[in-house]
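Asker:
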């Protein structure tokens, strides 16, 4: 199960052992124990599960038609369970694309691996950390502040830090130990999801560059290859360079390691908080 906070965009992942009410209640208790109890829970509408496998359909049926145990637990805890209306854009957005992308990569990359429960749990929790490391908007409007607000700030009060590990993505699984294979899986997921998230962010803000809404002082994410897990290189725009068509083509960006020129196609503008 993947839980997403509508306010902070924070993500929490739990593994459900089976489709019984007892297992699902235990999942909710673990979630509440680590993140706090929710007054309302929303689930995808049933129409979004067209073509889903039997396990997903079974979980949907359990939630939409709870038995006495599950409905009694929800009622006793004062929890209201609702379903997202189909084609409701107010419930979607960038967080939805990010989570769906992570689920896709989890299935494609990890689905072919024979993992133990402990290894699979480790992969899922690290994916949770990856999702909670994503930059949402500038942490402040100060030109000297190179930090972005992330879901992790709402959970632990700061951005996520990764364990320093060698890049194993170019190595064959045959030469790796089991835990190195787990690390390699997480790194592969990070690489693919990280690029997809930046691409999505870039597409959402493409029109802003065309209208020259990017300005000095804006916080941007630099698109760099082979970044370590949880690492998002950030910088503040200090100068703009326009082409012959008057559109901004290049920006100078101040980072923690110095100032650099970057093509517009190699930076992603972070939206200002509303």
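In the working numbering, the protein residues as written are 667 to 940. Every residue, glycine too, gets a C-beta built ideally from N, C-alpha and C. Since the structure is predicted, the reported quantities are computational estimates derived from the model, not experimental observations.
#1: Distance, Cα to Cα, residue 824 vs residue 748?
#2: Using only alpha-carbon positions, find the residue among 891, 739, 679 and 917 that is nearest to residue 862.
#3: Any chance you could list the beta strand (DSSP E) runs of at least 3 consecutive residues sitting entirely within the stretch 807 to 863, in chain order?
#4: For the 8 Å Cβ check, are there 3 or more pairs between the stretch 674 to 691 and the stretch 812 to 824?
#5: Just mark residue 922 as buried or exposed, buried being the case when its beta carbon has 16 or more other beta carbons within 10 Å.
#6: Would you kindly report the start and end of the unbroken beta strand (DSSP E) that includes residue 676?
#7: What separation, rounded to the nearest whole angstrom, lies between the Cα atoms of residue 864 and residue 700?
#8: What is the rounded straight-line gap between the Cα of residue 934 and the Cα of residue 880?
#9: Using the rule of at least 16 other Cβ atoms within 10 Å of the residue's Cβ for burial, across every protein chain shown, is residue 827 buried or exposed?
#10: Looking at the structure shown, is residue 740 part of a helix, part of a strand, or coil, going by DSSP?
#11: For the 8 Å Cβ check, are there 3 or more pairs between the stretch 845 to 864 and the stretch 790 to 800?
#12: What's the call for residue 830, buried or exposed, on a 16-neighbour Cβ count within 10 Å?
#13: What are the partner residues of residue 804, as DSSP defines its beta bridges?
#14: Using the beta-carbon count (16 or more within 10 Å), is residue 717 buried or exposed?
Answerer: By the coordinates alone:
#1: In the chain shown, residue 824 corresponds to position 158, counting from 1. In the chain shown, residue 748 corresponds to position 82, counting from 1. Their Cα atoms are separated by approximately 31 Å.
#2: For the purposes of this step, residue 862 is taken as residue 196 along the chain shown, with counting starting at 1. The shortest C-alpha separation from residue 862 is found at 891.
#3: none
#4: yes
#5: The residue you call residue 922 lines up with position 256 of the chain shown. It counts as exposed.
#6: Indexing the chain shown from 1 puts residue 676 at position 10. The continuous stretches of beta strand (DSSP E) do not include residue 676, and DSSP gives it neither H nor E.
#7: Translated into the one-based positions of the chain shown, residue 864 becomes position 198. Translated into the one-based positions of the chain shown, residue 700 becomes position 34. Taking the straight line from one Cα to the other gives about 29 Å.
#8: Start at 1 with the first residue of the chain shown, and residue 934 comes out as number 268. Start at 1 with the first residue of the chain shown, and residue 880 comes out as number 214. Cα to Cα, residue 934 sits roughly 10 Å from residue 880.
#9: In the chain shown, counting from the first residue as 1, residue 827 sits at position 161. It counts as exposed.
#10: Locating residue 740 in the chain shown gives position 74, counting from the first residue. Three-state result, residue 740: helix.
#11: yes
#12: On the chain shown, residue 830 is found 164 positions in, with the first residue counted as 1. Flag for residue 830 reads exposed.
#13: Against the chain shown, residue 804 aligns to sequence position 138. Per DSSP, 814.
#14: Locating residue 717 in the chain shown gives position 51, counting from the first residue. Confidence in residue 717 is poor, its pLDDT being 46 and thus under 50, which makes the residue's placement too unreliable to answer from.
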